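If you're matching positions, the sequence shown starts at 90 in our numbering and goes up one per residue.
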Amino acid sequence: MYISAHQKAELLLTDLLHVCKKEGGKEMKEKLLSKFAEIFGDTDGAQVYFAPGRVNLIGEHTDYNGGHVFPCALTIGTYGVARKREDHVLRFYSMNFENLGVLTSSIDDLKPEKEADWTNYPKGVIWAFGEKGMTVPAGMDILLFGNIPNGSGLSSSASVEVLTGYILKDLFGFNVTNQELALIGQYSENNFNGVNCGIMDQFAIAMGKKDCAIFLDTADLSYEYAPIRLEGAKLVIGCTNKKRGLGDSKYNERRAECEMALSELQKELSISSLGELTEEEFEAAKHLIADEVRVRRAKHAVCENQRTMKAVEALKNNDIKLFGKLMNASHVSLSKDYEVTGIELDTMVEAAWKQEGVIGARMTGAGFGGCTVSIVENDCVDSFIRNVGKEYEDKIGYTADFYIVEIGDGPSKLS
Ligand code: GLA
């Protein structure tokens, strides 16, 4: 049977879901519950939940610089089955890491441990609830299954964090809003897992809305939903399959470079973040930054923020072409000035730009591997996936994966 590249991308997703889209998640729920019973004995008291992944359309590395971001939640994400226990024991199982088996901890004296592997994310959130005055009173059995490609940069960790918060809120009746769940997720990632991430991922996931991107001002968390009506086009994610390693430390390094540039500018300017500057103001003041590398880092933060505002304006004016051009410019800046792309992301995006029907393409997320996001006209999706996939494999030596994604809602409990 001939399967087009387009169908292949959709099949790949369906396969990951282990469920036919038409059945609306019912089969998924049954599969998860039956796995839960197999691992933990029965399903008494177990509830099923979902939290999405996210993709950022524009506004990269601006969220820790007081700038704007424009992400959206996806219909793929993390499913969780959870129930309370009578004791203080935590038992975790992931269908994505079956080789790790059941990982056990206690709700008392939570601390990050290497052997705890992925469970450091949910553990961090349970710890963060305690830090915020909401001590979790009992243990839990938790089973997870994520259909976000692993390590893709579509925020599987933030998805697990928001999912855990949502589970705690529901199981123990904590009075906490979705926005607070985002902040708790970020707090736990910063202080328990040691990654100085901004608020974008957790916010996009906790506050997601179907068919909308979120225009968020990270300076004060004010936001508005912007409908994404891609008439005649699709959002295509390209996964580089590059294993990330040093990514997190480089991430923290970029953040430190921006902080230092800010403090150099503050010698003469009364600003509290790079996001407060226009391009012109930055040009007039950049001589205050002593190092050429830091000038480029700060320039990216300032210009990317301005680009994000222009992109949302373009979308409001139905000017999708301009939106695409700004996406392309964002990638150039992330590659040349911020230097977080690398040969894999650059190869994929440069191949994307050459294809017919591409409205815009850029890396998305932290960078250093991970994914690209492209807006591609429906008729050209097939050739896009085929041609970009070929060029990528020829140059990089291994294959890329492509996913056609849809914009979905924030976390939910499956009834
Ligand atoms: C990661 C972080 C976010 C954000 C992006 C880059 O995804 O978790 O807070 O900084 O990188 O835009």
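Ideal Cβ placement from N, Cα and C applies to all residues, glycine included. Predicted model only: the values in this text are computed from it and were never measured.
- In the displayed model, residue 117 falls within a helix according to three-state DSSP.
- The beta carbon of residue 354 sits closer than 6 Å to the beta carbons of 374, 377 from its chain, once the five residues preceding and following it are set aside; these are given in chain order.
- 8 Å or more divides the Cβ of residue 461 from the Cβ of residue 447.
- For residue 447, the secondary structure class from DSSP, reduced to helix, strand or coil, is strand.
- Per the coordinates, the alpha-carbon of residue 213 lies some 22 Å from the alpha-carbon of residue 339.
- Counting only residues of its own chain and dropping the five nearest sequence neighbours on each side, residue 413 has a CB closer than 7 Å to the CB of 448, 449, 464.
- DSSP, reduced to helix, strand and coil, places residue 503 outside both helices and strands of the structure shown, so it counts as coil.
- The beta carbon of residue 291 sits closer than 7 Å to the beta carbons of 247, 250, 251, 271, 274, 275 from its chain, once the five residues preceding and following it are set aside; these are given in chain order.
- Non-local C-beta neighbours of residue 391 in its own chain, meaning closer than 7 Å and more than five positions away in sequence, comprise 363, 366, 368, 371, ordered along the chain.
- Judged by the Cβ position, residue 498 fails to qualify as a neighbour of ligand 1 at the 7 Å threshold, every heavy atom of the ligand being at least this far.
- At a threshold of 7 Å, residue 392 does not count as near ligand 1, since its beta carbon sits no closer than that to any of the ligand's heavy atoms.
- Rounded to whole angstroms, residue 194 and residue 187 show a C-alpha spacing of 17 Å.
- Using a Cβ-Cβ distance cut-off of 8 Å, the stretch 227-236 and the stretch 160-177 are in contact, since at least three pairs of beta carbons, one from each stretch, lie closer than that value.
- Our two residues, residue 483 and residue 435, have alpha carbons roughly 14 Å apart in a direct line.
- Distance from the CA of residue 266 to the CA of residue 417, rounded to the nearest whole angstrom, comes to 35 Å.
- For residue 137, the number of other beta carbons within 10 angstroms of its own is at least 16, and it is reported as buried.
- For residue 234, the pairing in a beta bridge is given by DSSP as 168.
- By the beta-carbon neighbour count (other beta carbons within 10 angstroms, threshold 16), residue 311 is exposed.
- Taking non-hydrogen atoms of ligand 1 into account, the C-beta of residue 455 is found less than 7 Å away from one of them.
- In the DSSP assignment, residue 255 falls within the unbroken alpha helix (DSSP H) covering 245-261.
- DSSP places residue 397 inside the alpha helix (DSSP H), whose first and last residues are 381-405.
- For residue 286, the distance from the CB to the nearest heavy atom of ligand 1 is below 7 Å.
- Distance from the CA of residue 177 to the CA of residue 443, rounded to the nearest whole angstrom, comes to 56 Å.
- Separation of the CB atoms of residue 397 and residue 156 is rounded to 7 Å, and the pair is thereby assigned contact status at 8 Å.
- Within the DSSP secondary-structure output, residue 145 pairs in a beta bridge with 160.
- Using a Cβ distance threshold of 8 Å, residue 153 and residue 344 count as a contacting pair.
- Within the same chain, Cβ atoms closer than 6 Å to the Cβ of residue 351 are found at 363, the five residues on either side in sequence being excluded.
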